[in-house]
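What follows is a set of notes on a single structure, which appears directly below.
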Amino acid sequence: MTPAEAGRLRDDIAARFLPDPPDPLGVAVSGGSDSLALLTLLIDWREAGGPALCAVTVDHGLRPEAAVEAAEVARYCAARDVPHTTLQWQGWDGCGNLSDHARRARYRLIADWAGDAGIGCVALGHTINDLAETFVMRLARSAGVDGLAAMAARWEQDGITFARPMLGMGREQLREVLRARGLSWADDPTNDDPAYERVRARRALAALAPLGIDAETLAAVAANLSDVRDALDVQLAEAATRIARVEAGDVVIDRPALMALPAEIARRLLREALMWIGGGDYPPRGAALTRALEQVGAGKGLTLQGCRLIARTYTLRITREERAVTGLVADPGELWDGRWRLIGPDMAGATVSALGEAGLKHCPDRRETGLPAASLRASPAVWRGADLVSAPLAGFENGWRAELLPRPRHDFPALLVH
33 MTPAEAGRLR DDIAARFLPD PPDPLGVAVS GGSDSLALLT LLIDWREAGG
83 PALCAVTVDH GLRPEAAVEA AEVARYCAAR DVPHTTLQWQ GWDGCGNLSD
133 HARRARYRLI ADWAGDAGIG CVALGHTIND LAETFVMRLA RSAGVDGLAA
183 MAARWEQDGI TFARPMLGMG REQLREVLRA RGLSWADDPT NDDPAYERVR
233 ARRALAALAP LGIDAETLAA VAANLSDVRD ALDVQLAEAA TRIARVEAGD
283 VVIDRPALMA LPAEIARRLL REALMWIGGG DYPPRGAALT RALEQVGAGK
333 GLTLQGCRLI ARTYTLRITR EERAVTGLVA DPGELWDGRW RLIGPDMAGA
383 TVSALGEAGL KHCPDRRETG LPAASLRASP AVWRGADLVS APLAGFENGW
433 RAELLPRPRH DFPALLVH
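Note that this note's numbering has the sequence shown beginning at 33, numbered continuously upward.
Set out below in structure tokens:
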């Protein structure tokens with residue numbers, strides 16, 4: 033690769049952060065070719081007047097080679113005057129999906145590192161190959177529009193912006209950058225292990241190449257689906273504004289109007305309400321949402337995603353499931369269940385937990401709130417030992433108030449003011 037070609041790649045990456053590039057800019061570097069090329073091109077940008085850089089490597093502790101690879105990245109950074117930090121993950125308990133646990137832990141660790149270092153944005157080395165492989169994996173899971181739409185070029189997590197400035201670049205193209213400078217990279221042996229889904233997806237793409245189905249083709253399809261997703265989101269906001277409202281942290285929907293919506297918009301509306309109320313890392317699958325809508329259409333209630341769906345003749349109320357918050361405790365003033373903050377007088381020994389049936393009995397004005405008992409039992413209350421101090425949503429304020437706060441990424445009330 034010529035210097036001019038590398039310069040064009042550098043400028044393309046820089047354009048993803050303009051006109052106000054973050055300074056300093058964080059960059060996650062595993063030691064593999066993609067992230068090492070990203071760091072190299074960002075250093076080029078820095079030398080041409082771009083922002084200061086801070087690099088981070090996460091050692092998941094799953095391979096003995098990982099520590100050596102992290103040390104190699106540290107040496108590379110030291111030689112180029114880039115501050116570098118290695119983070120250790122020791123949270124694997126041997127249960128569940130290892131790749132998913134490792135991915136979530138990696139982003140959490142990086143977000144904590146960036147926040148502590150005053151870094152607002154972290155660049156990641158994902159390429160068009162990663163986009164295509166992800167498309168194939170999601171296709172195998174019968175994903176809908178959202179799952180098949182292009183990987184996000186940027187998103188926020190825990191107050192940190194994560195950016196993928198190389199989604200339009202190919203892995204081999206980036207390796208040419210490294211080869212031209214005599215740089216080597218680490219090859220993770222799991223990249224050739226068919227036990228991993230991504231490896232199987234990579235091999236499937238190679239088999240599809242003679243048909244003209246390659247990374248660029250799938251990236252174009254994913255981009256088209258992103259446009260479809262945006263159009264559906266506009267319809268979702270219109271429908272939510274027209275037929276839904278928020279009441280004391282619940283979502284109340286006109287049930288006949290919900291059932292009259294196009295199926296995809298109805299599923300999206302239900303999904304956003306469930307994610308706002310119940311939280312969780314992932315939304316319900318499309319099949320689960322379809323079954324839930326069938327039951328709601330038949331006038332039947334159900335529980336899903338830590339929420340209770342109460343179907344009445346003219347309304348569907350979605351509230352928190354009491355069982356999902358039983359045992360959840362926070363201090364007054366702290367976030368409870370991801371959405372609530374209870375504020376009141378200083379009181380030693382006070383804690384916030386669900387009102388429950390026991391607390392509901394001590395709220396004589398609960399019926400005046402107009403809220404069903406199911407909603408109130410799962411609502412936040414202040415306790416001092418076994419004594420109920422306050423239950424603001426149940427009409428027993430006693431000097432306390434409950435604040436309903438936005439939930440990152442899934443803030444249902446924001447749909448109502450689009």
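Where is the CB? At the ideal position from N, CA and C, for every residue including glycine.
One alpha carbon belongs to threonine 401, the other to glycine 417, and they sit about 26 angstroms apart.
Short of 8 angstroms from the beta carbon of proline 54, and not among the five residues preceding or following it, lie these beta carbons of its own chain, in chain order: Pro83, Ile151, Gly152, Cys153, Thr193. Counting along the chain, the unbroken beta strand (DSSP E) around isoleucine 342 starts and ends at 339-343. In this structure, the beta-carbon distance from alanine 218 to glycine 64 falls below 8 angstroms. Contact between the region 284-300 and the region 352-361 is absent, with fewer than three C-beta pairs closer than 8 angstroms. The three-state reading of DSSP puts alanine 251 in helix, counting H, G and I together. Counted as a single uninterrupted DSSP element, the alpha helix (DSSP H) harbouring isoleucine 297 occupies residues 295-310.
DSSP places arginine 441 outside any alpha helix (DSSP H), giving it a letter other than H or E.
By the Cβ neighbour-count rule, isoleucine 160 is buried, with 16 or more other Cβ atoms within 10 Å of its own. For threonine 383, the CB contacts under 8 angstroms within the same chain, skipping 5 residues up- and downstream, are Val361, Ala362, Asp363, Pro364, Val414, Trp415, Arg416 in chain order. Around the C-beta of glycine 244, fewer than 16 other C-beta atoms lie within 10 Å, and the residue is accordingly described as exposed.
Residue pairing from DSSP leaves histidine 92 without any beta-bridge partner. Within the same chain, and ignoring the five residues on either side of glycine 331 in sequence, the residues whose Cβ sits closer than 7 angstroms to its Cβ are Ala343.
Between aspartate 91 and threonine 118, the gap from beta carbon to beta carbon is short of 8 angstroms.
Taking 8 angstroms as the upper bound for CB-CB distance, cysteine 395 and alanine 434 are not in contact here, some 13 angstroms apart. Apart from sequence neighbours up to five positions away, the residues of its chain that approach arginine 371 with a beta-carbon distance below 7 angstroms are Gly281, Leu436, Leu437, Arg439, ordered along the chain. Residue range 153-155 is occupied by the beta strand (DSSP E) that includes cysteine 153, with no alpha helix (DSSP H) assigned at that position. When secondary structure is reduced to three states using DSSP, aspartate 219 falls in the coil class, being assigned neither helix nor strand. Annotation for valine 59: the continuous beta strand (DSSP E) segment containing it runs 57-60. Non-local C-beta neighbours of glutamine 120 in its own chain, meaning closer than 7 angstroms and more than five positions away in sequence, comprise Asp91, Gly93, ordered along the chain. Positions of the alpha helix (DSSP H) runs, each at least 4 residues long and wholly inside the region 220-247, are given as 229-240 in order along the chain.
Judged by beta-carbon spacing, valine 59 lies within the 8 angstroms limit of leucine 74, meaning their Cβ atoms are closer than that value. For proline 412, the closest alpha carbon among the candidates Arg399, Val61, Pro221, Gly388 is that of Gly388. By the Cβ-count criterion, isoleucine 309 is buried, with 16 or more other Cβ atoms from all chains shown falling within 10 Å of its own Cβ.
For aspartate 259, the secondary structure class from DSSP, reduced to helix, strand or coil, is helix.
Of the residues assessed, isoleucine 375 falls on the exposed side of the cut-off, its CB having fewer than 16 other CB atoms within 10 angstroms. Residue state for glutamine 122 is assigned as coil, using DSSP reduced to three classes. Straight through space, the alpha carbons of glycine 381 and glutamine 267 are spaced by roughly 48 angstroms.
In this structure, the beta-carbon distance from glutamine 327 to leucine 306 does not fall below 8 angstroms. Rounded to whole angstroms, the Cβ separation of leucine 237 and alanine 247 is 7 angstroms, and the two are in contact under 8 angstroms. The alpha-carbon of arginine 213 is positioned some 35 angstroms away from that of histidine 133. With distances taken between CA atoms, aspartate 43 lies nearest to Met198 out of Leu367, Met198, Asp66. Under the DSSP assignment, arginine 277 falls in the beta strand (DSSP E) whose first and last residues are 276-279. Around methionine 183, the same chain offers His158, Asp162, Leu163, Thr166, Arg196, Leu199, Ala254 as residues with beta carbons nearer than 8 angstroms, after the five sequence neighbours per side are excluded. For leucine 57 against alanine 137, the beta-carbon gap comes to about 22 angstroms, at or over 8 angstroms, which does not count as contact. Under the three-state reduction of DSSP output, phenylalanine 167 falls in the helix class.
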